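One point on numbering: in the working numbering, the residue at position 149 of the sequence shown is 554, and numbering is uninterrupted. In what follows, a single structure is set out as structure tokens and then discussed.
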Amino acid sequence: MIQPELAVAAIPSDERVWVPQAPDVWFRPLLLNTVSGGWCNLLRVRKSGVLSRHRHPMMVVGYVIKGKWFYREHDWVATEGSFVYEPPGEIHTLEVPADCAEMITFFNIQGAMIYLNDANEQTGYEDVWTKIEMCRAHYAANGLGADYVDQFVR
Ligand code: FE
């Protein structure tokens with residue numbers, strides 16, 4: 406059976422849809438893909454500095470909706486309207502510059518995110534299942550209800 410389509414306002418009118426990821430960092434789930442493993446979300450950051458150092462086992466593509474950010478390992482800055490492709494195997498460190506009050510970026514992340522320390526030792530990971538659990542816990546606590554996340558799961 407073909408799974409149902411999805412069409413939603415990417416930036417939600419209800420603030421509760423944003424799931425806290427870290428202080429001043431949130432994600433907004435759009436598609437939680439349990440078939441091939443991966444997810445689409447918006448990442449919203451309202452602080453500057455390093456967010457995370459990570460490795461991608463599979464590819465990532467992104468589109469910057471607002472603000473800007475960069476990877477320490479590269480000499481470019483992704484600004485509003487930029488498209489970004491991140492190849493499998495790449496390790497990089499996400500940073501938001503000091504003169505950016507808010508950035509919002511759409512990411513399509515395949516597989517997982519592997520979080521690393523400066524010695525490239527794994528400190529954590531995220532995959533579609535950890536994202537679903539984060540959403541479930543947040544929506545259960547804020548009144549939307551744990552099953553609010555189900556509409557984004559395929
Ligand atoms: Fe990345």
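By construction, the Cβ of each residue, glycine as well, lies at the ideal position given by its N, Cα and C atoms. These numbers were taken from a predicted model, which means no experiment stands behind them.
Whole-angstrom C-beta distance between residue j and residue i, which should lie under 8 angstroms
i       : j       : result
Arg-449 : Trp-423 : 6 angstroms
Gly-516 : Gly-442 : 6 angstroms
Ile-560 : Phe-511 : A query on residue 560 cannot be resolved here, the shown segment of the chain reaching from 406 to 559 and no further.
Pro-425 : His-543 : 7 angstroms
Residue i - DSSP class collapsed to helix/strand/coil
i       : result
Met-463 : coil
Trp-431 : strand
Val-422 : helix
Val-501 : strand
Gly-443 : strand
Arg-451 : coil
Leu-437 : strand
Glu-491 : strand
Ile-407 : coil
Ala-483 : strand
Classification of residue i by the beta-carbon crowding that lies within 10 angstroms, buried from 16 upward
i       : result
Pro-428 : exposed
Ala-483 : buried
Glu-500 : buried
Gly-494 : exposed
Pro-492 : exposed
His-479 : exposed
Pro-409 : exposed
Tyr-490 : exposed
C-beta contact flag for residue i and residue j at 8 angstroms
i       : j       : result
Ala-503 : Ser-457 : no
Lys-536 : Trp-444 : yes
Val-533 : Leu-447 : no
Phe-421 : Asn-547 : Rather than Phe, the amino acid found at residue 421 in this sequence is Arg. Cβ atoms of Arg-421 and Asn-547: closer than 8 angstroms.
Tyr-352 : His-459 : With the chain covering 406 to 559 only, the question about residue 352 has no answer from this structure.
Val-554 : Thr-439 : no
Could I get the ranges of all uninterrupted alpha helix (DSSP H) runs contained in the region 514 to 558, with 4 residues as the minimum, in chain order? Counting whole runs of 4 or more residues, the region 514 to 558 contains the alpha helix (DSSP H) stretches 533 to 547.
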